[in-house]
Each structure stands twice: as C-alpha cells, then as structure tokens.
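**Student:**
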Amino acid sequence: MEKIAIVTGASQGIGRDIAKHLARHRIKVIANYNKSEREANELKKELERENIQVDIVKADVSKREDIKKLVQYVIEKYKKIDILVNNAGISEYKLFTDETDDDWNKVINTNLYSAFAMSQEVIPYMIQKKDGCIINISSIWGIVGASMEVLYSISKAGMNGLTKALAKEIGPSNIRVNSIAPGMIETKINNRFSKEDIEQIKEDIPLERIGKTEDIARCVEWLVEDRYTTGQIISINGGWNIV
Ligand code: NDP
50 MEKIAIVTGA SQGIGRDIAK HLARHRIKVI ANYNKSEREA NELKKELERE
100 NIQVDIVKAD VSKREDIKKL VQYVIEKYKK IDILVNNAGI SEYKLFTDET
150 DDDWNKVINT NLYSAFAMSQ EVIPYMIQKK DGCIINISSI WGIVGASMEV
200 LYSISKAGMN GLTKALAKEI GPSNIRVNSI APGMIETKIN NRFSKEDIEQ
250 IKEDIPLERI GKTEDIARCV EWLVEDRYTT GQIISINGGW NIV
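Using the numbering used here, read the sequence shown as starting at 50 and increasing by one per residue.
(1) For the alpha helix (DSSP H) holding Asn154, just list the boundary residues, first then last.
(2) Please report the distance separating the alpha-carbon of Ala72 from that of Thr146.
(3) What number of angstroms, rounded off, separates the C-alpha of Met233 from the C-alpha of Gln281?
(4) Mind reading off the beta-carbon distance from Gly138 to Gly58? Whole number of angstroms is fine, and I expect it under 8 Å.
(5) So what does Pro231 bridge to, in DSSP terms?
(6) Under the three-state reduction of DSSP, which class applies to Val78: helix, strand or coil?
(7) Assuming Asp104 is part of the beta strand (DSSP E), what are its boundary residues?
(8) Roughly how many whole angstroms lie between the Cα atoms of Asp54 and Glu114?
(9) Apart from the five residues on each side of it in sequence, which residues of its chain come closer than 7 Å, Cβ to Cβ, to Arg87?
(10) Measure the C-alpha to C-alpha separation of Leu92 and Val123 and round it to an integer number of angstroms.
(11) Can you determine whether any heavy atom of ligand 1 sits closer than 6 Å to the C-beta of Thr246, and answer yes or no?
(12) Within 10 angstroms of its Cβ, does Thr159 collect 16 or more other Cβ (buried), or is it exposed?
(13) Consider the C-beta atom of Ser196 and the heavy atoms of ligand 1; say whether any pair is separated by less than 6 Å.
(14) Using alpha carbons as the reference points, say which of Asn136, Asn135 and Val106 lies closest to Lys126.
(15) How is Arg225 classed by DSSP in three states: helix, strand or coil?
(16) Just verifying my parser: in three-state terms, what is the DSSP assignment at Asn292?
(17) Within this structure, are the beta carbons of Ile130 and Val78 separated by less than 7 Å?
(18) Grab me the residues of Asn209's own chain with a C-beta within less than 6 Å of its C-beta, minus the 5 sequence neighbours each way, in chain order.
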C-alpha cells in the first residue's frame with residue numbers, strides 16, 4: 050500500500066527537494082506551503098511532467114488551527130499518515146539584546162511549536178497502526194549555538210530535545226523520531242552571506258563545499274526506509290562540526 054507523507058515548508062529549498070525525492074520513490078507526498086503558492090504550483094507541475102501527482106496544501110504551521118485543517122484534509126483523503134517531515138523554518142539574524150517578544154514568538158512558533166503541534170496532531174493516527182516515522186529538520190546551530198542567532202539556536206535545540214524525548218515515549222508504538230541537523234545548505238535562507246563569507250566558511254569544512262538540498266533529502270529517504278534508528282540527531286555538515 051502506498052505510503053503517505055506530509056512535508057512542511059515544501060515550496061522551497063530543502064523541503065521542496067525532500068518532497069521531490071519521496072514522491073519519486075512512490076510515496077504520496079502532501080507538500081505544505083504557506084506564502085509561496087507560485088513555487089508550490091511549480092513543484093506540482095514539475096512532478097506532473099514525470100507522471101507523479103503531489104498534493105500541495107496551504108497552511109501556516111505556526112498556527113494550531115491551520116495544522117488541524119491540514120491533518121484533517123490528509124486523513125479524510127488518504128485515511129492514514131505514515132511519514133511526517135517537520136521542515137518549515139525561518140532564520141533570524143540579530144543581536145540578542147535587540148530581540149523582541151515578537152521575534153521570540155515568530156521564530157519559536159515557526160520552527161519549534163510547528164513540530165510540537167504537527168506531531169501532536171499526527172501521532173494518534175500513527176499509534177492506531179503502530180507504525181510511523183517523524184523527521185525533524187533541525188540545525189548545526191541547535192547543537193553548537195550561533196552568535197546573532199540565539200532564538201534560532203534555541204528553536205533547533207528545542208527540536209532536538211523534542212526528538213529525543215518523543216522517541217522514548219512513542220517508541221513502544223513503533224514510531225521512530227529523528228532529527229537531521231544540516232550544516233550550511235545552498236538555499237535562500239543563507240542569502241545574507243556574501244560570496245566572500247561563503248568562501249571563508251568553506252575553508253572550515255573538511256569536505257570543502259556547502260551542502261546541497263539533495264544531501265539532506267537523501268538522508269530523509271534513508272530514514273524512511275530504516276527500521277531501527279530512533280532518537281538520533283544526525284549531523285550532515287561536510288564535517289564542519291565533528292563531535
Ligand atoms: P527556505 O527559506 O529556502 O525555505 C523555507 C520553507 O519553509 C519555505 O518553503 C517556506 O514556505 C516554509 N515556511 C516558513 N514558514 C512557514 C510557515 N509558517 N508555515 C508553513 N511553511 C513555512 O529555507 P531552507 O530550505 O534552507 O530551510 C528548511 C529547513 O532547514 C528550516 O527548518 C531551516 O531552519 C533548516 N536548515 C537550513 C539550513 C540551510 O543552511 N539552508 C541549515 C540548517 C537547517 P513559504 O515560502 O511557502 O512560506
């Protein structure tokens with residue numbers, strides 16, 4: 050029977066590539082987007098040219114009511130959810146002392162609350178069939194912390210805590226929960242870096258390159274197939290941080 054996957058934030062960047070990889074492996078993908086309707090439609094058309102149907106659904110995953118509607122839509126249409134990829138995220142680059150409560154709410158709700166609430170809404174359907182795979186797209190900064198990105202680092206460290214604790218709680222229902230912690234990946238989230246900045250960063254990366262979205266998508270594919278990995282934070286960063 051066809052597997053059903055929800056990928057949040059799939060209109061662009063890493064999420065878009067994850068959606069493509071899963072869809073090309075005969076998984077029915079529900080690709081969520083929020084603001085980028087045009088890009089989501091382009092993703093749908095690109096896959097249609099390969100005779101693959103992907104469902105695109107608008108939802109702001111920082112809001113419980115949108116999440117409930119998204120999950121309800123999937124259950125009514127497909128009757129089950131096998132895979133959840135919590136990928137939607139935003140960055141924030143500011144001095145800590147300039148951060149406001151609004152910044153806190155925006156970053157934490159988009160990056161962390163979304164993974165909490167999406168998981169809460171989806172898990173009952175996974176428990177019913179005693180099978181499921183949740184993948185949280187975290188970050189290297191959730192492990193080592195980033196200057197000028199304190200809120201972002203908090204949100205990703207929180208995601209790693211969610212991953213570990215939830216893996217223990219729902220492991221007995223055969224639901225695997227893992228994080229992928231990318232290093233620097235070529236997407237628009239890094240647009241603020243100059244060419245010179247990027248060259249300098251590359252010098253600190255043993256594999257001497259910035260990551261590509263497919264480097265992350267390949268790991269998602271592997272986690273979906275795997276049966277015995279849970280509660281792990283998998284670093285994919287070209288060796289930028291080795292612990
Ligand atoms: P992009 O900015 O390229 O894409 C972000 C995606 O998240 C978009 O599809 C956007 O959808 C979606 N999104 C943002 N807010 C919401 C929301 N409220 N509801 C639904 N979707 C939302 O970023 P990346 O692809 O680089 O990032 C993807 C994930 O990977 C993020 O969680 C990021 O933190 C993480 N990451 C990225 C790294 C990198 O170097 N690129 C490194 C480490 C982690 P839309 O445009 O439709 O609103």
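We put the CB at the ideal spot given by N, CA and C, even for glycine.
**Tutor:** Let me spell this out:
(1) Asp150 to Ile157
(2) 43 Å
(3) One C-alpha to the other measures close to 19 Å.
(4) 6 Å
(5) Looking at the DSSP assignment, Pro231 forms a beta bridge with Ile285.
(6) strand
(7) Asp104 to Lys107
(8) The residue you asked about is not Asp; residue 54 is Ala in the sequence shown. So the alpha carbons of these two residues sit roughly 20 Å apart.
(9) none
(10) 19 Å
(11) Sequence check: residue 246 is Asp here, not Thr. Between ligand 1 and Asp246, a heavy atom-to-CB distance of less than 6 Å is absent.
(12) buried
(13) no
(14) Nearest of Asn136, Asn135 and Val106 to Lys126, Cα basis: Val106.
(15) strand
(16) The sequence given here places Val at residue 292; Asn does not occur at that position. Three-state DSSP puts Val292 in coil, outside helix and strand.
(17) no
(18) Ser187, Gly191, Ser228 and Ile282
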